[in-house]
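>
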Amino acid sequence: MSDLLDRVIAADLALDDEYGATLTNHLPMAATALHVMAEWLGPTDAQLVSFDAHYRRRLEPLRVREALLPLQRLPREAVLRNLGDFDLTSSFHELFEAALAKRSPADVVAEWLPLLGPGLPGAAGHGVLRVYFALLASSQVRPETARAELARALAYAAGRFRELRQAVTPRSPRPRALLETLAAPSFLTEAERALLGEFGLILYQHSELAARPEFQLLVAGTSVGFEWHAVLALLAHVACERPGFVLLHALTVGQALCALEQLLPAVDPEPHRRGWVDFAVAAWLCEGLSLPVGARPVGDVTALAAAARGTLDDHGLKAAYALHDLYARFGDPVFLAAGTRLCAMFTRAA
Numbered sequence: 056m057s058d059l060l061d062r063v064i065a066a067d068l069a070l071d072d073e074y075g076a077t078l079t080n081h082l083p084m085a086a087t088a089l090h091v092m093a094e095w096l097g098p099t100d101a102q103l104v105s106f107d108a109h110y111r112r113r114l115e116p117l118r119v120r121e122a123l124l125p126l127q128r129l130p131r132e133a134v135l136r137n138l139g140d141f142d143l144t145s146s147f148h149e150l151f152e153a154a155l156a157k158r159s160p161a162d163v164v165a166e167w168l169p170l171l172g173p174g175l176p177g178a179a180g181h182g183v184l185r186v187y188f189a190l191l192a193s194s195q196v197r198p199e200t201a202r203a204e205l206a207r208a209l210a211y212a213a214g215r216f217r218e219l220r221q222a223v224t225p226r227s228p229r230p231r232a233l234l235e236t237l238a239a240p241s242f243l244t245e246a247e248r249a250l251l252g253e254f255g256l257i258l259y260q261h262s263e264l265a266a267r268p269e270f271q272l273l274v275a276g277t278s279v280g281f282e283w284h285a286v287l288a289l290l291a292h293v294a295c296e297r298p299g300f301v302l303l304h305a306l307t308v309g310q311a312l313c314a315l316e317q318l319l320p321a322v323d324p325e326p327h328r329r330g331w332v333d334f335a336v337a338a339w340l341c342e343g344l345s346l347p348v349g350a351r352p353v354g355d356v357t358a359l360a361a362a363a364r365g366t367l368d369d370h371g372l373k374a375a376y377a378l379h380d381l382y383a384r385f386g387d388p389v390f391l392a393a394g395t396r397l398c399a400m401f402t403r404a405a
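The sequence shown begins at 56 in my numbering and counts up one residue at a time.
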């Protein structure tokens, strides 16, 4: 157990899940990533202390919201109908606190991941991502801290739940592979893509895009039966050529889902893969990406480690963690190259 990580996460519970214009609080996620990276970075406690002091300054005190509905006493159907109502975040928090008082963190996540997965595009995937990091931290902090952080993470995912896909769109009789979908010519003009950029936050960009019937047909006709290595390696290759903010989120959320599938092998992967496909395709279209050309880049651990040690940026730390984890899983050095590029990019931006 890490006393330092426990103190950081426990102190963050007094801070809000968002700050500014609905930006997500990354502190518990990036702190956990930095702590876990000590396995290959070497000691990270001093960097974690510096990151905590640096990042905490932008955060806001916890907004106390009244628990408006006794969700833990209502039928499951009523609970699911209220997913995505951010005003009910405190009600969802009570629901998950009650569940975690009786069952293990892994069991609760296994129950709720299929329910929350389709709505992961809400808050740019950060709800489900925080659930993953809370589960990752659960063996590194005190049980009471682990339960409290996971309850907050699940409540945030439930409150910010939003599906991009419309259920009424018919599925294609022969689903396309995801890589086929990404290779298809974009239906967006440059002017339309520029207009999407005016919507600012990722969620609003993607929600506007999802109103297009062309987007609905694309995602409805795309298979969720892909292999994680192939699609994430492609995105990593693109990130080496055209590193971008939304693409980084598609990679980090994809890594989290890949890891959760291994941690929770009995869970049906289709719902969260469907949510991730919607998010990844929207990211691809909004950033105007295309298939990479040339040989797949080769990175190395030394360069990624230097980039990770040299940053206090939350996105840089999460990118370093996620891309190194994918390298450890698949042995493909394109993940190291992408991690180094993204970490350096967001360090400069910070």
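We treat Cβ as the ideally placed atom computed from N, Cα and C, and that holds for glycine.
Using beta-carbon positions only, say whether Val293 and Leu344 come within less than 7 Å of one another.
Cβ distance < 7 Å, so Val293 and Leu344 count as in contact.
> Using 8 Å as the Cβ pair cut-off and three pairs as the minimum, do the stretch 146 to 162 and the stretch 113 to 125 touch?
yes
> Return the CA-CA distance between Gln298 and Arg396, expressed in angstroms with no decimal places.
The displayed chain sequence assigns Pro, not Gln, to residue 298. Cα to Cα, Pro298 sits roughly 7 Å from Arg396.
> Is Gly406 buried or exposed, if buried means 16 or more other CB atoms sit within 10 Å of its CB?
Given a span of 56 to 405 for the chain in the structure shown, any question on residue 406 remains unanswerable.
> Using the rule of at least 16 other Cβ atoms within 10 Å of the residue's Cβ for burial, across every protein chain shown, is Tyr259 buried or exposed?
That one is exposed.
> Can you tell me whether Leu180 is buried or exposed, with buried defined as 16 or more other CB within 10 angstroms of its CB?
Rather than Leu, the amino acid found at residue 180 in this sequence is Gly. Result: buried.
> Strictly by DSSP, which residues pair up with Leu250?
DSSP output for Leu250 lists no bridge partner at all.
> Please go through the stretch 132 to 164 and give each complete beta strand (DSSP E) segment of 3 or more residues, from N-terminal end onward.
none
> For Asp380, count neighbouring C-beta atoms within 10 Å of its own C-beta (all shown protein chains included) and say buried if the count is 16 or more, exposed if not.
buried
> For Ala86 and Val196, what's the separation of their Cα atoms in angstroms?
12 Å
> Do you know how far the Cα of Ala288 is from the Cα of Asp387?
8 Å
> Name the DSSP beta bridge partners of Thr277, please?
Arg231
> Suppose you measure from the CA of Ser241 to the CA of Phe334; what does that come to, to the nearest Å?
16 Å
> Work out the CA separation of Val353 and Glu152 for me, nearest whole Å.
One Cα belongs to Glu152, the other to Val353, and the distance between them is close to 44 Å.
> Tell me, to the nearest whole angstrom, how far the beta carbon of Pro160 is from that of Leu190; I am working on the premise that it is less than 8 Å.
6 Å
> So the alpha helix (DSSP H) Gly182 belongs to, where does it begin and stop?
181 to 192
> Which residues in the same chain have their Cβ closer than 6 Å to the Cβ of Asp323, if we skip the five residues on either side of it in sequence?
Pro169
> Would you list the residues sitting across from Leu78 in a DSSP beta bridge?
Tyr74
> If you draw a straight line from the alpha carbon of Thr43 to that of Glu282, how long is it in whole angstroms?
What the structure shows of the chain is the stretch from 56 to 405, and residue 43 is not part of that stretch, so it cannot be assessed.
> Can you tell me the Cα-Cα spacing of Lys157 and Thr200, whole angstroms?
15 Å
> Output the distance between the C-alpha atoms of Ala305 and Leu68, rounded to the nearest integer angstrom.
26 Å
> Hey, Leu114 and Leu82 are a contact pair by Cβ (cut 8 Å); roughly how many whole angstroms apart?
Leu114 to Leu82, Cβ: 7 Å. Contact.
> Give the secondary structure of Pro388 by DSSP, where H, G and I count as helix, E and B as strand, and everything else as coil.
coil
> Count the other C-beta atoms from every protein chain shown that fall within 10 angstroms of the C-beta of Ser57, then say buried if there are 16 or more, exposed otherwise.
buried
> Measuring straight from C-alpha to C-alpha, what distance separates Ala163 and Leu155?
Per the sequence presented here, residue 163 reads as Val, with Ala not at that position. Going from the Cα of Val163 to the Cα of Leu155 covers about 7 Å.
> Short check: CB of Cys341 to CB of Leu251, under 7 Å?
yes
> Whole-angstrom Cβ separation of His90 and Thr99, contact assumed at under 8 Å?
Here His90 really is in contact with Thr99; their C-beta atoms are around 6 Å apart, less than 8 Å.
> Could you give the DSSP three-state label for Pro116: helix, strand or coil?
strand
> Cutting at 6 Å between CB atoms, please list the residues of its own chain near Ala88, excluding the five before and the five after it.
Leu372, Lys373, Tyr376
> Cα separation between Ala362 and Arg217?
34 Å
> Among the residues of its own chain, which have a CB less than 6 Å from the CB of Ala404, if the five just before and after it don't count?
Confidence at Ala404 is low in this model, with a pLDDT of 47, below 50, so the placement of that residue should be treated as unreliable; the coordinate-derived value is given next. Contacts found: none.
> Just verifying my parser: in three-state terms, what is the DSSP assignment at Pro169?
helix
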